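For what it's worth, the working numbering labels the leading residue of the sequence shown as 2, then goes sequentially. Report on the following structure.
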Amino acid sequence: MEIRKRVHAENLVRFAATRPEIVVLSGDLTKNTEIDLFRDAYPERFFSMGMAEQNMLSFAGGLAREGFTPYVHTFAVFIYRRAFDQLSMSVAYPNLRVRLFGFLPGITTPGGVTHQAIEDVAIMRSVPNMTVLETGDVTDVESVLDVAHAVDGPVYVRMLRGEIPRLFPANEPMQFNRARVLSTGSDVALLSSGICTEEAMRATAVLQARGVSVQHLHISTLKPFDDPTVLDAVASAHYGVITMENHTIVNGLGSAVAEVMASEGIGKRLERIGLNDTYTHGASRHYLMRKHGLDAMALVRRVEDMLGEPLGIDEADLAAVRLDAVHSDAKAEGL
Numbered sequence: 002m003e004i005r006k007r008v009h010a011e012n013l014v015r016f017a018a019t020r021p022e023i024v025v026l027s028g029d030l031t032k033n034t035e036i037d038l039f040r041d042a043y044p045e046r047f048f049s050m051g052m053a054e055q056n057m058l059s060f061a062g063g064l065a066r067e068g069f070t071p072y073v074h075t076f077a078v079f080i081y082r083r084a085f086d087q088l089s090m091s092v093a094y095p096n097l098r099v100r101l102f103g104f105l106p107g108i109t110t111p112g113g114v115t116h117q118a119i120e121d122v123a124i125m126r127s128v129p130n131m132t133v134l135e136t137g138d139v140t141d142v143e144s145v146l147d148v149a150h151a152v153d154g155p156v157y158v159r160m161l162r163g164e165i166p167r168l169f170p171a172n173e174p175m176q177f178n179r180a181r182v183l184s185t186g187s188d189v190a191l192l193s194s195g196i197c198t199e200e201a202m203r204a205t206a207v208l209q210a211r212g213v214s215v216q217h218l219h220i221s222t223l224k225p226f227d228d229p230t231v232l233d234a235v236a237s238a239h240y241g242v243i244t245m246e247n248h249t250i251v252n253g254l255g256s257a258v259a260e261v262m263a264s265e266g267i268g269k270r271l272e273r274i275g276l277n278d279t280y281t282h283g284a285s286r287h288y289l290m291r292k293h294g295l296d297a298m299a300l301v302r303r304v305e306d307m308l309g310e311p312l313g314i315d316e317a318d319l320a321a322v323r324l325d326a327v328h329s330d331a332k333a334e335g336l
């Protein structure tokens, strides 16, 4: 499997080369959010705002009113926890073209509760005018700038950094409000987002081999959420629907799917895999995914419960189809 480093860092420099209206704002986390290359390439278009996120959001709103397109970079928690009033009144209410890049989504960091954005989708989905996107692999990171830049209003992006695997073909970019179909089937509809998609792909490969027909969709647009592909998948699932997300189960992907099912009168069983209304603590991503039931084995157990029968799948079966490079030099996410 291909693993790329600093994908956003290099991509943003290329993307901004022919778009002089793009300016980048840093909340004293320049290297940590991979915008040091942009700073060096376009110093006159780079603003280091310090640890003052409220001011940074208001400043971004002012730049947008003057015709610029600000790209705000910081850890996700500092965008919506520290600066929510400025986010709402200076950016979302006037519906300005501000792009908000939130790094360390969910449990991708061992930094503990102060740095783990576990309710950002819930909050951002509730903000009027806000579009919410999430990246899950290298291809998503490479193409999310095109998707975000085309939106005429504010956009929030759950961004991955560091060493990232490529799960999807490089020539099949992210599409706005369109799910990526990873497998087809009629027994179970599985919708995953972000880093959970890699675990879901591992489980799906084994489930399919055991005769379970799984329709697996990777979701990269969390708001708006009216893709007909999603509706078709949940409507055709014989046993039920499972969602899998690196986020609390409250008002994230699982809730968005529940809303669609309720509004369309689809009376199917829905299982939501995510953080079960809890904070977590500092540890590695793999440890936290296991502890909170966000990994491939947790998905297998939910499918078994939905089907009402054991499938005889164990950790050895899942290890045989690991998607990540076991012998790579990938490091755990830090701050």
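The C-beta atom is built at its ideal place from N, Cα and C for all residues, glycine as well. All of these numbers come straight from a predicted model, not from anything done at the bench.
Scanning its chain for C-beta atoms nearer than 6 Å, with the 5 sequence neighbours on each side dropped, one finds around Val99 the residues Ala61, Ala65, Pro71, Val92, Pro155, in chain order. By DSSP's assignment, Ala190 forms a beta bridge with Gln216, Val242. In this structure, Thr34 and Ser27 form a Cβ contact; the two beta carbons are roughly 7 Å apart against a cut-off of 8 Å.
Within the region 25-101, the runs of alpha helix (DSSP H) that reach at least 4 residues and sit entirely inside it are, in chain order, 37-42, 54-66, 77-81. With the rule of 3 Cβ pairs closer than 8 Å, the region 262-278 does not count as touching the region 159-178. Tyr157 has Leu101, Val133 as its beta-bridge partners, per DSSP.
With fewer than three CB-CB distances shorter than 8 Å, the region 171-180 does not count as touching the region 194-208. Within the DSSP secondary-structure output, Ile274 pairs in a beta bridge with Met245. Cβ neighbours of Arg303 within its own chain (closer than 8 Å, five residues either side excluded): Ile243, Glu272, Ile274. In terms of CA proximity to His239, Gly186 leads the group Leu97, Phe76, Gly186. In this structure, the straight-line span from the alpha carbon of Thr115 to that of Leu312 is close to 39 Å.
An exposed status is given to Asp153, since fewer than 16 other beta-carbon atoms sit within 10 Å of its beta-carbon. Taking Val213 as reference, the option from Pro95, His9, Asn130, Gly309 with the minimal CA-CA separation is Gly309.
Residue environment for Arg270: exposed (fewer than 16 other C-beta atoms within 10 angstroms of its C-beta). Judged by DSSP in its simplified three-state form, Ser184 adopts strand. The three-state secondary structure of Pro229, taken from DSSP, is helix.
As computed with DSSP, Glu164 is found in a beta bridge with Lys6.
Counting other Cβ atoms within 10 Å of its Cβ, Arg15 stays below 16 and is therefore classed as exposed.
For Lys292, the enclosing alpha helix (DSSP H) begins and ends at 286-292.
Collapsing the DSSP output to three states places Ala321 in coil. Ile108 and Glu200 have their C-alpha atoms some 14 Å from each other. Assigned with DSSP and collapsed to three states, Ala297 falls in helix.
Here Lys224 is not near Met90, since their CB atoms are 8 Å or more apart.
Excluding its 5 nearest sequence neighbours in each direction, Asn178 has C-beta neighbours in its own chain below 6 Å: Thr222, Pro225, Asp228, listed in chain order.
Closest option to Glu305, judged by alpha-carbon separation, among Leu208, Glu316, Glu260, Gly268: Leu208. In the three-state reduction of the DSSP assignment, Ile23 falls in the strand class, which pools E and B. Ranked by Cα distance from Arg126, the options Val189, Val301, Leu254 are led by Leu254.
If you look at Thr198, you'll find it in the alpha helix (DSSP H) that goes 197-210.
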